[in-house]
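Read in order, the letters of the sequence shown are residues 31 to 163 in my numbering.
The structure under discussion appears below in the form of structure tokens.
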Amino acid sequence: MSDAAEIINTIKGADGRFTPQSIERNERTAQGLVPKLLKVAGKIPFADDLAAAYFAARDPETPMKAKGVLFAAAAYFVMPVDLLPDFIAGLGFTDDATVLATALGIVGMHVKDTHRGMARRLLRMPEPVKQSD
Numbered sequence: 031m032s033d034a035a036e037i038i039n040t041i042k043g044a045d046g047r048f049t050p051q052s053i054e055r056n057e058r059t060a061q062g063l064v065p066k067l068l069k070v071a072g073k074i075p076f077a078d079d080l081a082a083a084y085f086a087a088r089d090p091e092t093p094m095k096a097k098g099v100l101f102a103a104a105a106y107f108v109m110p111v112d113l114l115p116d117f118i119a120g121l122g123f124t125d126d127a128t129v130l131a132t133a134l135g136i137v138g139m140h141v142k143d144t145h146r147g148m149a150r151r152l153l154r155m156p157e158p159v160k161q162s163d
């Protein structure tokens with residue numbers, strides 16, 4: 031989107047500031063991801079991977095192309111319209127898992143241990159046990 035289009039497509043937020051629609055959309059997606067993830071974390075085995083991908087996408091050191099792929103996977107998880115609706119028992123999250131696995135296969139090297147640690151803390155999961163040799 032051009033700079034002129036960004037200026038034209040602004041939204042007045044609750045705090046009175048004007049922000050481009052694209053930024054407003056990204057903030058709404060980010061606000062929707064964590065609550066939904068916490069709500070379904072016990073039902074899906076890939077919750078920690080999704081949270082780690084989210085933290086990697088928000089990391090300033092992550093390359094822009096990787097951020098785009100990771101944010102797209104997170105946005106697919108939050109979207110209300112799905113290939114397989116999430117309420118279908120046993121199958122609802124398989125498309126979400128596939129999208130995330132594909133994203134991690136492409137840019138997974140940018141998801142660092144620090145991102146995984148933040149994901150475990152968010153989901154209140156225990157730290158992995160380190161075996162001493």
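A virtual CB, placed ideally from N, CA and C, is assigned to each residue, including glycine.
Check                                                                                                                                               : Outcome
So, does the CB of ASP89 fall closer than 8 Å to a CB anywhere in chain D?                                                                          : Protein chains in the displayed structure number just one, and chain D is not present.
Write down the C-beta distance between ALA104 and ALA83 rounded to the nearest angstrom, noting that I regard them as a contact closer than 8 Å.    : 6 Å
In chain order, what residues of the same chain lie with their CB nearer than 8 Å to the CB of ALA133, ignoring the 5 residues before and after it? : ALA83, VAL99, LEU100, ALA102 and ALA103
Within a Cβ cutoff of 7 Å, which residues of the same chain sit near ARG154, ignoring the five residues on either side of it in sequence?           : none
Under the three-state reduction of DSSP, which class applies to PHE101: helix, strand or coil?                                                      : helix
When you compare only the Cα positions, how much space is there between PRO156 and MET148?                                                          : 11 Å
Roughly how many angstroms separate the alpha carbons of PHE123 and LEU152, rounded to a whole number?                                              : 20 Å
CB HIS145 to CB ASP78, shorter than 8 Å?                                                                                                            : no
Would you kindly work out how many angstroms separate the C-alpha atoms of PRO65 and LYS73, rounded to a whole number?                              : 14 Å
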